[in-house]
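What follows is one structure encoded as structure tokens, with my remarks underneath.
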Amino acid sequence: MKSFTDKVAVITGAGSGIGRALAIELAGRGARLALSDVDAVRAAGTAALCEKAGATAKAYELDVADRDAVLAHAEEVAVDFGGANVVVNNAGVALGATVEEMTWDDYDWLMGINLGGVVNGTKAFLPQVIASGDGHIVNLSSVFGFIGVPTQSAYNAAKFGVRGFTEALRQEMLIARHPVKVSCVHPGGIKTNIARDARGGVERDIDKAAEGFEKIARTTPEKAAQTIVRGIERGTPRILIGPDAYVIDAIPRVLGAFYQRPLALLGRLGMKNL
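Note that the UniProt record's numbering gives residue 146 to position 146 of the sequence shown, counting from 1, and the numbers run on in steps of one.
Here you go:
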């Protein structure tokens, strides 16, 4: 996709972080924006920033885990904008807990949003993206879609799932010769509130983990948005964000399954320091 002028971009989780930064970046490139978030106030705030930049933008309240709501949202976008060119399934949450500690409700909550939300958004909007004649599906995975991490089993399961789902979808679009590019995004540490808003553990542990994450998260949402947009322009299948993403992508390639032992040792040391 060489130009975003008058293209309709649908972004979930647009109320903050990467979603908001991406909306603002696309607003500056002439896109028309359908912006959703589970927090209606945050979505409206992002839409206002995009309108200030001269773009057409509309905010929607949306729980991406609610399939019927996502299907209805796709119909709303078709009516309000005439259909979608770019769909960015960005909405996501975090959960820190071991498999033993994790509740069924917590597991279902994360999987419903991080994996179910991607599937729902892709399926609901794919007919519009195909019909646009110049479409792109962008799904947010993570570097945790490359390696397994202690206390992140649910997050890993979702992000590995997003990666597999997206790579399969890309091949299907190629086989069918549909005019649709597909990208899977793997951010490293991004300066967002996802760690501080995570479920699981006691408040002290969450704050400690969030403080640690904030120390190593070097990439800004704005930089992440620029990288994603450049990936869309180039039709890049796998978009890595941040130098840490390239390092983590390389670890299992070099070490294979042996990466798990030193990571477990680091995890044990980390638990002792909490």
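Quick reminder that beta carbons are idealized off the backbone N, C-alpha and C, glycines included. Keep in mind the model is a prediction, meaning the values are calculated, not measured.
Within the continuous beta strand (DSSP E) that includes A34, where are the two ends?
From DSSP, the beta strand (DSSP E) with A34 extends over 32-37.
Using DSSP's beta-bridge definition, name the partner residues of H136.
Residue pairing by DSSP places H136 opposite V86, K181 in a beta bridge.
For the region 230-273, which segments carrying the beta strand (DSSP E) assignment without a break, of at least 3 residues, lie completely within its bounds, in sequence order?
Counting only runs of 3 or more, we get 238-241.
Going by beta-carbon coordinates alone, are P221 and R20 separated by less than 8 Å?
In this structure, the beta-carbon distance from P221 to R20 falls below 8 Å.
Given E61, which residues of its chain have a CB within under 6 Å of its CB, disregarding the five upstream and five downstream residues?
Here the set comprises A40.
To the nearest angstrom, report how far apart M1 and L266 are at their CA atoms.
Cα to Cα, the separation comes out at about 42 Å.
How many angstroms separate the CA atom of P150 from the CA atom of D249?
Rounded to the nearest angstrom, the two C-alpha atoms are 17 Å apart.
Under the three-state DSSP convention, the category K208 falls into
Legend: pLDDT at K208 = 45, less than 50; position of this residue unreliable, value from coordinates given subsequently. Helix, per DSSP.
Just mark L174 as buried or exposed, buried being the case when its beta carbon has 16 or more other beta carbons within 10 Å.
L174 should be labelled exposed.
Could you please give me the residues that DSSP links to V8 through a beta bridge?
Beta-bridge pairing links V8 to R32.
Helix, strand or coil for I113 per DSSP?
Three-state result, I113: helix.
Name the one or two DSSP bridge partners that Y60 has.
Answer by DSSP bridge pairing, in chain order: S36.
Go through its chain and collect everything with a Cβ distance to S142's Cβ below 7 Å, but skip five positions before and after it.
K159, H186, P187, listed in sequence order.
At least three beta-carbon pairs within less than 8 Å, the region 23-43 to the region 5-15:
Verdict: yes, contact present.
Any 3 or more C-beta pairs closer than 8 Å across the region 106-114 and the region 122-137:
Taking a contact to require three or more Cβ pairs closer than 8 Å, the region 106-114 and the region 122-137 do not qualify as touching.
For T166, three-class secondary structure by DSSP:
Note: T166 maps to helix in three-state DSSP.
Are A78 and Q128 touching if we call contact CB-CB under 8 Å?
Yes.
Between R177, F146, A225, which lies nearest to Q260 when the distance is taken from Cα to Cα?
Residue F146 is the option with its Cα nearest to Q260.
Distance check for K223 and T46, CA to CA, integer angstroms please.
CA-to-CA, the gap between T46 and K223 works out to about 17 Å.
Out of D68, A154, D80, D244, point me to the one whose CA is closest to K58's CA.
The candidate whose alpha carbon is nearest that of K58 is D80.
At the level of alpha carbons, what is the spacing between F4 and G164?
Each residue's alpha carbon lies about 27 Å from the other.
Determine the contact status of F125 and A84, defining contact as a CB-CB distance below 8 Å.
Result yes, Cβ atoms of F125 and A84 sit closer than 8 Å.
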